[in-house]
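Engineer:
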Amino acid sequence: MTELSRSFYRGNTVAVARSLIGASFARRYRGAWYLARIVETEAYLGSNDAAAHSRGGRRTARVEPMYADGGHLYVFLVYGMHHCANVVTRRPGMPEAVLIRAGEGPPEAPPALLSGPGRFCAALGITAAATGMDIVDGSDYRLYRRDRRPRIGVSPRIGVDYAAEAKDWPLRFYDRDSRAVSGRPRLRR
DNA sequence: CACATGATCGCCT
DNA sequence: GGCGATCATGTGG
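Numbering follows the numbering used here, with no gaps: position 75 of the first sequence is 59.
See the structure below:
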């Protein structure tokens, strides 16, 4: 397992979003590591992206982690009850990030357990306490490079209808062969 | 299967 | 004061 590097995260945000499909997200909780295979992501392209929290150069306490160097986490609370986790990309001052929308857990886990950004965070216990964390310096959060290149599907992003023309940009990426991708034939239970 | 709705609260204007 | 980078549940066809 090769850990993803700082220079990787500093690269083109769309390229990072694509490359993270199939990558492993690891989280240490009370000494034990928990892993998930990422199967769905979305790219958020900074100041000029009407769907991004950093649109128009917004720079508030919440969004501040998006302005950090590539390789940090940006976690926020939506709808008062769900958390969404992002991996920050590019360089300091460039507020771009990749939203992790879904993952696969261990085979014995329910298929939909990590299907959706809120569920992904809930399953891995990711809360706002993790925002701003460095994922390259060996903290409790780490990402590992994928070992195989999956078949990748592309679509507009989910839940950003307010974002004018940016709502149609093809910035959502997913593993075409995964059942855990969100917004699919419901895999309840 | 396709909507429709309620929950719930921090953030931003 | 309004509204989300969501989800679970409920209705109707």
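Glycine is no exception: its CB is placed at the ideal position from the N, C-alpha and C atoms.
Does the Cβ of Y63 have 16 or more other Cβ atoms within 10 Å, making it buried, or fewer, making it exposed?
Structural biologist: The count along the first sequence starts at 1 and reaches residue 63 at position 79. By the 10 Å Cβ count, Y63 comes out exposed.
Engineer: With a Cβ-Cβ cutoff of 9 Å, do E(-13) and L127 count as a contact?
Structural biologist: In the first sequence, counting from the first residue as 1, residue -13 sits at position 3. In the first sequence, counting from the first residue as 1, residue 127 sits at position 143. In contact: E(-13) and L127 (Cβ atoms closer than 9 Å).
Engineer: CA-CA distance, E24 and G143?
Structural biologist: Counting from one through the first sequence, the residue named residue 24 turns up at place 40. Counting from one through the first sequence, the residue named residue 143 turns up at place 159. Roughly 14 Å separates the two Cα atoms.
Engineer: Can you give the Cα-Cα distance for L19 and A34, rounded to whole angstroms?
Structural biologist: For the purposes of this step, residue 19 is identified with residue 35 of the first sequence, where counting begins at 1. For the purposes of this step, residue 34 is identified with residue 50 of the first sequence, where counting begins at 1. Distance between the alpha carbons of L19 and A34 is about 32 Å.
Engineer: Which of the three DSSP states is assigned to N183 in this structure?
Structural biologist: The question about residue 183 has no answer, for the chain in this structure spans -15 to 173.
Engineer: Would you mind giving the Cβ-Cβ distance between V165 and S99, rounded to the nearest angstrom? I have them listed as a contact below 8 Å.
Structural biologist: The residue you call residue 165 lines up with position 181 of the first sequence. The residue you call residue 99 lines up with position 115 of the first sequence. Yes, V165 and S99 are in contact; Cβ-Cβ is about 7 Å, under 8 Å.
Engineer: Using the three-state DSSP reduction, which class does V(-2) fall into: helix, strand or coil?
Structural biologist: Here residue -2 corresponds to residue number 14 of the first sequence, with the count starting at 1. Three-state DSSP puts V(-2) in a helix.
Engineer: Which of the three DSSP states, helix, strand or coil, is assigned to L108?
Structural biologist: Residue 108 sits at position 124 when you count from the first residue of the first sequence. DSSP places L108 in helix when its eight states are reduced to three.
Engineer: Would you check if the distance between the CB atom of F104 and the CB atom of A86 is smaller than 9 Å?
Structural biologist: Translated into the one-based positions of the first sequence, residue 104 becomes position 120. Translated into the one-based positions of the first sequence, residue 86 becomes position 102. A contact, by the Cβ cut-off of 9 Å.
Engineer: Looking only at its chain, what residues have a beta carbon closer than 7 Å to the beta carbon of R12, apart from the 5 residues adjacent to it on each side?
Structural biologist: Along the first sequence, read from residue 1 onward, the residue named residue 12 stands at position 28. Correct list, in chain order: D124.
Engineer: Return yes when the Cβ of A1 is within less than 9 Å of the Cβ of V82, no when it is not.
Structural biologist: Residue numbering aside, residue 82 sits at position 98 when the first sequence is read from its first letter. Residue numbering aside, residue 1 sits at position 17 when the first sequence is read from its first letter. Yes, the Cβ-Cβ distance between V82 and A1 is below 9 Å.
Engineer: Among A10, R(-10) and I5, whose alpha-carbon lies nearest the alpha-carbon of P90?
Structural biologist: Within the first sequence, the letter at position 106 stands for residue 90. Minimum Cα distance to P90 is reached at A10.
Engineer: Terminal residues of the continuous alpha helix (DSSP H) containing Y(-7)?
Structural biologist: Counting from 1 along the first sequence, the entry for residue -7 is found at position 9. Per DSSP, Y(-7) belongs to the alpha helix (DSSP H) from R(-10) to Y(-7).
Engineer: Use the C-beta contact count for N70: other C-beta atoms within 10 angstroms, 16 or more gives buried, fewer gives exposed.
Structural biologist: Along the first sequence, one-based indexing puts residue 70 at 86. Label assigned to N70: buried.
Engineer: When you compare each of S162, G(-5), A112 and R42 to P134 by their alpha carbons, which one comes out closest?
Structural biologist: Start at 1 with the first residue of the first sequence, and residue 134 comes out as number 150. The candidate whose alpha carbon is nearest that of P134 is S162.
Engineer: Pull the bridge partners of G137 from the DSSP assignment, please.
Structural biologist: Taking the first sequence and counting its residues from 1, the one referred to as residue 137 is at position 153. Looking at the DSSP assignment, G137 forms a beta bridge with Y158.
Engineer: Where DSSP assigns a beta bridge to E48, which residues make up the other side?
Structural biologist: Taking the first residue of the first sequence as 1, we reach residue 48 at position 64. DSSP, once it has assigned bridges, lists no residue as partnering E48.
Engineer: How would you write the range of the beta strand (DSSP E) that R126 sits in, first residue to last?
Structural biologist: The residue labelled residue 126 in the question sits at position 142 within the first sequence. Unbroken beta strand (DSSP E) run through R126: Y125 to Y128.
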